[in-house]
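Q: Can you keep this structure in mind? I'll have questions shortly.
2 protein chains.
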Amino acid sequence: MESEENGVRRGAEAKEVVVDGVRAAILSGELSPGQRLVEAELTELFAVTRGSVRSAFADLTAEGLVERIPNRGVRVRRVSVEEAVEILECRGVLEGLIAARAAMRVNDAQAEQLRQIGDGMQAAVASGDVLTYSRLNSQLHATVSEIGAQPVAADLITRLRSQIVRHQFQLSLRPGRPQVSLPEHLAIIEGVLAHDAARAEQAARRHVESVIAALQQGAEAPGTLVQAAAD
Amino acid sequence: MESEENGVRRGAEAKEVVVDGVRAAILSGELSPGQRLVEAELTELFAVTRGSVRSAFADLTAEGLVERIPNRGVRVRRVSVEEAVEILECRGVLEGLIAARAAMRVNDAQAEQLRQIGDGMQAAVASGDVLTYSRLNSQLHATVSEIGAQPVAADLITRLRSQIVRHQFQLSLRPGRPQVSLPEHLAIIEGVLAHDAARAEQAARRHVESVIAALQQGAEAPGTLVQAAAD
DNA sequence: CCTGACATTTTTGTTGCCAATAATATCGGC
DNA sequence: GCCGATATTATTGGCAACAAAAATGTCAGG
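Chains A and B, in that order, give the protein sequences.
Quick note on this note's numbering: the first sequence kicks off at 23 and runs consecutively.
Quick note on this note's numbering: the second sequence kicks off at 23 and runs consecutively.
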């Protein structure tokens with residue numbers, strides 16, 4: 023159906039290719055904050071038309087990953103530490119909301135799922151398997167979010183999260199960090215399992231506060247760059 | 023410099039004209055949820071090119087006011103009561119965050135400003151001047167937001183708020199509503215004035231919870247449509 | 001009278017070209 | 001030789017025509 027004779031993608035698909043590609047490049051650090059994104063370059067790089075690149079920029083701007091300056095194109099948005107803290111503060115209350123709802127709605131099967139994640143996290147930290155810990159961390163957030171059933175809040179968090187991945191990178195997998203975050207994660211699980219909304223919310227908020235503290239600490243002493251996004 | 027000979031606007035200005043116009047139309051109720059927005063119609067209505075309309079649609083989609091269905095155009099987004107509640111729940115925790123920060127940062131001049139707003143609100147409710155009450159309500163939110171100095175949270179709230187104006191309309195200025203919300207508003211002011219972050223946050227969250235309750239009540243018994251957006 | 005295929009029309013999506021704008025380089029004056 | 005004005009270039013913004021898709025209307029067949 024699609025012609026695709028010379029490798030040039032077309033259709034709405036083309037926009038997604040650019041959006042996903044640029045997003046991945048920003049999140050992985052290939053594109054640095056402040057870097058200019060020239061339409062013609064991306065047109066060639068992704069083998070799409072300029073219109074698709076343009077449309078993709080609109081999406082990425084809405085996502086907060088890039089900013090557009092009139093007549094000067096788009097550049098990767100630079101997020102200051104102060105702004106990152108503000109973003110995390112918002113995330114904190116939103117994650118708290120989700121955790122509270124999760125505590126109210128969790129059923130037996132979901133509870134078992136959480137228990138397994140908690141056990142896995144403890145084992146991973148004990149054995150120093152940071153990669154597994156990072157993976158379980160993402161899984162925990164996803165599971166709690168699913169139990170909480172607050173798609174609006176979850177959506178906001180996703181957007182906020184992507185804006186500060188670069189800051190999170192700096193503190194992820196920093197030596198000793200898993201030892202700090204593990205009990206915080208377990209506290210969230212416990213709160214949900216106990217059907218204690220207030221406790222789950224408090225635990226979630228405290229966890230994000232701990233991330234903020236770590237980020238502010240690391241602001242002056244930039245840590246090593248790693249690939250997993252554990253917090 | 024701008025030609026503007028035949029009334030057709032051009033430049034980046036054109037997109038903004040459409041965005042503002044459509045947004046105002048949606049918020050004021052001229053455009054009903056689910057209503058289709060045909061590009062050609064808006065092109066004629068606003069005297070802009072189709073490209074500007076298209077670009078404006080991208081912005082409005084990001085704002086959550088309209089939704090785009092591939093090859094079927096955009097329509098005014100229909101927000102269910104359930105989703106409105108979810109949005110309000112997010113707003114609740116975010117407003118709580120701002121109120122808490124405001125309590126921590128408020129200075130004497132700002133405190134006096136809040137006191138005046140509070141007094142004005144009491145007087146307005148006592149005399150039944152709903153319009154002034156509505157105006158002061160907006161002013162209170164803006165002032166607290168300014169004191170809280172959380173632009174990220176404030177921005178999220180603005181976006182969330184615009185998505186449910188139609189629902190808020192239904193309950194605004196409903197008889198007896200100001201009597202319910204006045205003490206809630208005063209509690210927020212008191213918490214901030216007392217530099218009591220926890221109290222201010224609780225007050226802000228309780229206020230939004232009250233809005234949720236009113237909205238759920240009014241879901242089955244649709245109220246009268248009014249123009250001011252008090253909550 | 002209903003049903004399904006086909007043609008028509010409406011509407012959106014895309015492309016290529018031209019204009020406007022800002023950054024850069026060049027040139028003349030002091 | 002340095003500074004400011006002007007020309008050049010690179011890049012984005014906008015427009016109009018074109019192509020594709022979906023919805024609608026029409027008509028023949030049962």
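Quick reminder that beta carbons are idealized off the backbone N, C-alpha and C, glycines included.
For Ala-7/B, which residues of its own chain have a beta-carbon under 7 Å away from its beta-carbon, when the five flanking residues on both sides are left out?
A: The structure shown does not extend to residue 7/B, since chain B spans only 23 to 253, so no value can be given for it.
Q: Name, in chain order, the residues that DSSP records as bridge partners for Glu-89/B.
A: Arg-97/B
Q: What residues in the region 79-112 of chain A have a beta carbon less than 9 Å from any beta carbon of chain B?
A: Residues passing the 9 Å Cβ filter: Ala-80, Asp-81, Thr-83, Ala-84, Glu-85, Pro-92, Asn-93, Glu-105, Glu-108, Ile-109, Glu-111, Cys-112.
Q: Among Ala-236/A, Arg-188/A, His-207/A, which one has its Cα closest to the Cα of Ser-50/A?
A: Arg-188/A
Q: Are the beta-carbon atoms belonging to Leu-59/A and Val-101/A less than 8 Å from one another?
A: Taking a C-beta distance under 8 Å as the contact criterion, Leu-59/A and Val-101/A do not qualify as a contact pair.
Q: Using 7 Å as the cut-off, classify the Cβ of Gly-142/B as near or not near the heavy atoms of the ligand HEM, replying yes or no.
A: This structure does not include the ligand HEM; it has no bound ligands of any sort.
Q: Which runs of the alpha helix (DSSP H) fall wholly inside the region 121-191 of chain B and span at least 4 residues, in chain order?
A: 130-149, 152-170, 173-185
Q: I need the DSSP call for Leu-59/B, collapsed to helix, strand or coil.
A: strand
Q: Kindly confirm or deny that the region 66-85 of chain A and the region 37-49 of chain A touch, where touching means at least three C-beta pairs closer than 8 Å.
A: yes
Q: Give the interface partners of Val-115/A over in chain B, defined as CB-CB distance under 7 Å, in chain order.
A: The contacting residues are Val-115, Leu-116, Gly-118, Leu-119.
Q: From what residue to what residue does the alpha helix (DSSP H) around His-207/A run?
A: 199-215
Q: Between Ala-235/A and chain B, is the shortest Cβ-Cβ distance under 8 Å, so that the two count as touching?
A: No, Ala-235/A lies away from the interface with chain B (no Cβ there is under 8 Å from its Cβ).
Q: Using the three-state DSSP reduction, which class does Ser-77/A fall into: helix, strand or coil?
A: helix
Q: If distances are taken between C-alpha atoms only, which option among Asp-130/A, Ala-122/A, Val-40/A comes closest to Ala-219/A?
A: Closest by alpha carbon: Ala-122/A.
Q: With a threshold of 8 Å between beta carbons, is Leu-247/A in contact with chain B?
A: Bear in mind that the predicted position of Leu-247/A carries a pLDDT of just 45, short of 50, making it unreliable; the figure below should be weighed with that in mind. By this cut-off, Leu-247/A is not an interface position.
Q: Is Ala-36/A buried or exposed, if buried means 16 or more other CB atoms sit within 10 Å of its CB?
A: Counting Cβ neighbours within 10 Å, Ala-36/A comes out buried, since at least 16 surround it.
Q: Looking at chain B, is there any beta carbon in it that lies within less than 8 Å of the beta carbon of Leu-64/A?
A: no
Q: So for Val-41/B, helix, strand or coil by DSSP?
A: helix
Q: For Arg-137/B, count neighbouring Cβ atoms within 10 angstroms of its own Cβ and tell me buried if that reaches 16, exposed if not.
A: exposed
Q: For Leu-119/A, which residues from the same chain have a beta carbon less than 8 Å from its beta carbon, with the 5 sequence-adjacent residues on both sides left out?
A: Gly-170, Gln-172, Ala-175, Glu-223
Q: Output needed for Gln-1/A: all residues of its chain with C-beta closer than 7 Å, excluding positions within five of it in sequence on either side, in chain order.
A: Residue coverage of chain A in this structure runs from 23 to 253, which leaves residue 1/A outside it and unanswerable.
Q: Is Arg-113/B near Val-202/B, with beta carbons less than 8 Å apart?
A: no
Q: Using a Cβ-Cβ cut-off of less than 8 Å, give me the residues of the region 148-174 of chain A that come near chain B, in sequence order.
A: Taking 8 Å as the Cβ-Cβ cut-off against chain B, the residues of the region 148-174 of chain A that qualify are Gln-172, Pro-173, Val-174.
Q: Note down, in chain order, all residues in the region 178-209 of chain B with a beta-carbon under 7 Å from any beta-carbon belonging to chain A.
A: From the region 178-209 of chain B, only Leu-178 have a Cβ closer than 7 Å to chain A.
Q: Measure the alpha-carbon distance for Ala-236/B versus Leu-193/B and round it to whole angstroms.
A: 7 Å
Q: Which same chain residues, not among the five before or five after Arg-127/B, have their C-beta less than 8 Å away from its C-beta?
A: Same-chain partners within the cutoff: Ile-169, Gly-170, Ala-171.
Q: What is the rounded straight-line gap between the Cα of Glu-52/A and the Cα of Ala-209/A?
A: 35 Å
Q: Secondary structure at Val-6/A, three-state DSSP: helix, strand or coil?
A: Because chain A is modelled from 23 through 253, residue 6/A falls outside the range shown and cannot be assessed.
Q: Near Ile-211/B, which residues of its chain fall below 8 Å by C-beta distance, leaving aside the five closest residues on each side in sequence?
A: Leu-136, Arg-137, Ile-139, Gly-140, Leu-162
Q: Given a cut-off of 8 Å on the beta-carbon distance, is the pair Pro-200/A and Val-152/A in contact?
A: yes
Q: Apart from the five residues on each side of it in sequence, which residues of its chain come closer than 6 Å, Cβ to Cβ, to Arg-72/A?
A: Glu-61, Thr-65
Q: Rank Pro-197/A, Ala-133/A, His-207/A, Pro-55/A by C-alpha distance to the C-alpha of His-217/A and give the top, closest one.
A: Ala-133/A
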